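Protein chains: 2
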Amino acid sequence: MTKDGAGDETPTLEQARRQVEHYGLDADPQAVLVAVRLISAGARVGRAAEAHFARFGLSTGRYRLLADLEDHGGEKSPSRLAADLEVSRATVTGLLDGLEREGLIARRPSAEDGRGSVAILTARGAQRLRDMAPEHFGRLESMVGGLSVEERAVFLDLLARVVRGSAALAAD
Amino acid sequence: MTKDGAGDETPTLEQARRQVEHYGLDADPQAVLVAVRLISAGARVGRAAEAHFARFGLSTGRYRLLADLEDHGGEKSPSRLAADLEVSRATVTGLLDGLEREGLIARRPSAEDGRGSVAILTARGAQRLRDMAPEHFGRLESMVGGLSVEERAVFLDLLARVVRGSAALAAD
DNA sequence: ACCAAGTAGTTAGCTTCCTAATTATCTTGC
DNA sequence: GCAAGATAATTAGGAAGCTAACTACTTGGT
Chain F
1 MTKDGAGDET PTLEQARRQV EHYGLDADPQ AVLVAVRLIS AGARVGRAAE
51 AHFARFGLST GRYRLLADLE DHGGEKSPSR LAADLEVSRA TVTGLLDGLE
101 REGLIARRPS AEDGRGSVAI LTARGAQRLR DMAPEHFGRL ESMVGGLSVE
151 ERAVFLDLLA RVVRGSAALA AD
Chain S
173 MTKDGAGDET PTLEQARRQV EHYGLDADPQ AVLVAVRLIS AGARVGRAAE
223 AHFARFGLST GRYRLLADLE DHGGEKSPSR LAADLEVSRA TVTGLLDGLE
273 REGLIARRPS AEDGRGSVAI LTARGAQRLR DMAPEHFGRL ESMVGGLSVE
323 ERAVFLDLLA RVVRGSAALA AD
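Chains as they are written, first to last, in this note's numbering: chain F, 1 to 172; chain S, 173 to 344.
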């Protein structure tokens, strides 16, 4: 069951082995393969998500912002959004620009801080989330539908650990 | 051992549960969480990889192209590169432009096909790969170093199945 | 042999994200 | 109480990916 069987998986164990050998390194080809596949999978899933959100006139970033806003009561400062979504403040500015243009959020100056502002989910923004919910969650569910409940738990755990490890890629 | 313990995982099970409830849907919050975390993890890993390759003056796409070229004997047509790397031909044109500007690849018209051309790994390109190999593979290894050999095999299997499932996101 | 349709590569224009620099405001330390 | 430094948001500019449209060549049907 754990047999490979795929056939079209982009980087193969063979390629990984060949590369490691080629440079005379003692790295574990399996570990390298996992890392490379993960990077590749990240890009593919990201693109699939982008296409998914595009069906609703949103991007991954815009949807995440909208959903985060609603989950937080409909109001949040751009800085907090940036921190919570783990993107830069400049990116949040861009996402808000697009969402504001479509009337899904509104900006209001902050009452407490003269420098700051607050992003507010509009009725139209909330409606958009409501409209897409059934299909959105349905598709998300079918995305992982091939995994059993236990497998999902395992995957969640492994994924978290690998994401933590990915910090090592960029770190120093 | 499978305990959460993370604390900073971006979307939580609570959030997923709240959202599903909020819309009165019967989706499984755990499945939704897995999907959402995967999308989020994909973006994070992608950015980490981008930062990693930037240390060597490359991007993820450029590195993948260079590595694929070397693995294939140093010569390949842009179309095949696009197919093998799973990006569009236009993207390959852009990657080749950048790599050619830095002298890491060269372009030559195809002998067999008057429309086609061939990308060739230059000595300098091969050298670049050689220079970065020890650190590159070392970092890749440490990225998944938190996983045992068995866990890596499981992860590889689950990852492949979930990537296949991600097609369902965009499909239809 | 020739015209139609397909394919290779590029170009143009879009989006997302980034970093760095700018402007305005807040907060501290003296 | 005011100058110096931090912080909020924006702007400007860059890279990677996409699709669609264009050019040049090849191939296949009649």
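For glycine and all other residues, C-beta sits at the position ideal for the given N, C-alpha and C. This structure is a prediction, so every number in the text was calculated from the model and none was measured.
Helix, strand or coil at residue i according to DSSP, with G and I counted as helix
i, result
"Arg115(F)", "coil"
"Glu135(F)", "helix"
"Pro250(S)", "helix"
"Arg37(F)", "helix"
"Ala278(S)", "strand"
"Leu121(F)", "strand"
"Ser185(F)", "A question about residue 185(F) goes unanswered here, because the residues of chain F that appear run from 1 up to 172."
"Glu258(S)", "coil"
"His244(S)", "coil"
"Ala43(F)", "helix"
"Gly229(S)", "coil"
"Pro183(S)", "coil"
"Leu331(S)", "helix"
"Leu341(S)", "helix"
"Asp200(S)", "coil"
"Tyr23(F)", "coil"
Spatial neighbours of residue i in its chain, beta-carbon cut-off 7 Å, leaving aside the 5 residues before and after
i, result
"Arg280(S)", "Ser289, Val290, Ile292"
"Val162(F)", "Leu38"
"Phe155(F)", "Leu147"
"Asp198(S)", "none"
"Val20(F)", "Ala27, Pro29, Val32"
Sequence-distant residues of the same chain with beta carbon closer than 8 Å to residue i, five excluded per side
i, result
"Arg311(S)", "His224"
"Ser260(S)", "Ala254"
"Thr93(F)", "Pro78"
"Gly46(F)", "Thr60"
"Gly152(S)", "Residue coverage of chain S in this structure runs from 173 to 344, which leaves residue 152(S) outside it and unanswerable."
Any non-hydrogen atom of the ligand PLP within 7 Å of residue i CB
i, result
"Ala43(F)", "Absent from the structure shown: the ligand PLP. Ligands present: none."
Chain-order list of residues whose beta-carbon lies under 6 Å from that of residue i (same chain, five-residue window excluded)
i, result
"Arg236(S)", "Leu257"
"Thr232(S)", "Ala221, Glu222, Phe225"
"Ser110(F)", "Gly116, Ser117, Val118"
"Phe228(S)", "Met304"
Problem - Short-range partners of chain F found in the region 317 to 331 of chain S, where Cβ spacing is below 9 Å - result: Gly317, Gly318, Leu319, Val321, Glu323, Arg324, Ala325, Val326, Phe327, Leu328, Asp329, Leu330, Leu331
Problem - Positions along the region 207 to 221 of chain S whose CB lies within less than 9 Å of some CB in chain F - result: Ala207, Val208, Arg209, Leu210, Ile211, Ser212, Ala213, Gly214, Ala215, Arg216, Val217, Gly218, Arg219, Ala220, Ala221
Handout entry: Segment contact, 8 Å Cβ cut-off, at least three pairs: the region 313 to 327 of chain S with the region 271 to 287 of chain S
Key = no
Exercise for the section: Please confirm if the region 70 to 79 of chain F is in contact with the region 239 to 246 of chain S, defined as three or more CB-CB distances below 8 Å between the two stretches. Expected result: no
Practice task
Count the C-beta pairs between the region 125 to 140 of chain F and the region 293 to 309 of chain S that are closer than 8 Å, then say yes if the count reaches three, no if not.
Solution key: no
Problem - Residues, ordered as in the chain, of the region 276 to 307 of chain S that lie near chain F by beta-carbon distance below 7 Å - result: Arg302, Ala305, Pro306
Exercise for the section: For the region 70 to 103 of chain F, enumerate the residues whose C-beta is nearer than 7 Å to any C-beta of chain S, in chain order. Expected result: Asp71, Glu86
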